[in-house]
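Chemist: Below is one structure. I have some questions about it.
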């Protein structure tokens, strides 16, 4: 999974991949029609889980732990949540072509500027490929044993990040 914005505020590093792709989806109204999973893990939940895990006695076998939320969404669902009612579903090829045209135009307000550092990720559609979501049952059970209820509605998280990203920088 990937670390995403805060569960309550949506606050996220605007230059990271997750906020950048969500900003591109929201600002262009276009998203990739893919059933590949987009596992979002809110930063505040990851921080709390990390602290709780670090405080466990060495007798617990928690040397390797995968923090994966239970709320799963695919790129299509994430794109729809980010782009809203005006969203337009595109093939990977169409999405990339439109994104590159917007970046090459140099117009900052066209919705693509956030993706410029990540365009190399889009060399092939493997980034959006259909895959099985990470198994989360063990992570969720372990977190519950430590007293942390892993609350992550991926689409609510997406909407929170998009709301944060649509605020002028500096108002967060």
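Numbering (this note's numbering), first residue to last: 18 to 189. Each residue gets a CB set at the ideal place from its N, CA and C atoms; glycine is no exception.
When DSSP labels each residue in this structure, what does residue 66 get in the three-state scheme?
Modeler: In this structure, residue 66 counts as helix in the three-state DSSP scheme.
Chemist: Return helix, strand or coil for residue 72, following the three-state DSSP convention.
Modeler: In the structure shown, residue 72 sits in coil (DSSP, three-state: anything other than H, G, I, E or B).
Chemist: Within the 8 Å Cβ cut-off, does residue 119 reach chain B?
Modeler: Here chain B cannot be found, since the structure has a single protein chain.
Chemist: First and last residue of the alpha helix (DSSP H) that includes residue 93?
Modeler: Looking at the DSSP string, the run of the alpha helix (DSSP H) that includes residue 93 is 92 to 100.
Chemist: Can you tell me whether DSSP reads residue 54 as helix, strand or coil?
Modeler: Strand, per DSSP.
Chemist: Can you tell me whether residue 110 is buried or exposed, with buried defined as 16 or more other CB within 10 angstroms of its CB?
Modeler: So residue 110 ends up on the exposed side.
Chemist: Between residue 103 and the rest of its own chain, which residues show a CB-CB distance below 6 Å, the 5 nearest in sequence each way excluded?
Modeler: So the list reads 46, once near-sequence residues are dropped.
Chemist: From what residue to what residue does the beta strand (DSSP E) around residue 105 run?
Modeler: Unbroken beta strand (DSSP E) run through residue 105: 105 to 107.
Chemist: Taking a contact to mean a Cβ-Cβ separation below 8 Å, would you say residue 36 touches residue 178 in this structure?
Modeler: Contact flag set, yes.
Chemist: Starting from the C-beta of residue 183, find all residues in its chain whose C-beta is less than 8 Å away, skip the five residues before and the five after it, and write them out in chain order.
Modeler: These residues qualify, in order along the chain: 43.
Chemist: How do the region 56 to 63 and the region 113 to 124 stand: do at least 3 beta-carbon pairs fall below 8 Å, yes or no?
Modeler: At 8 Å Cβ cutoff, the stretches do not touch.
Chemist: DSSP three-state label for residue 59, please.
Modeler: In the structure shown, residue 59 sits in a strand (DSSP, three-state: E or B).
Chemist: Taking the alpha-carbon of residue 90 as reference, which of 175, 181, 180, 185 has the nearest alpha-carbon?
Modeler: The shortest C-alpha separation from residue 90 is found at 175.
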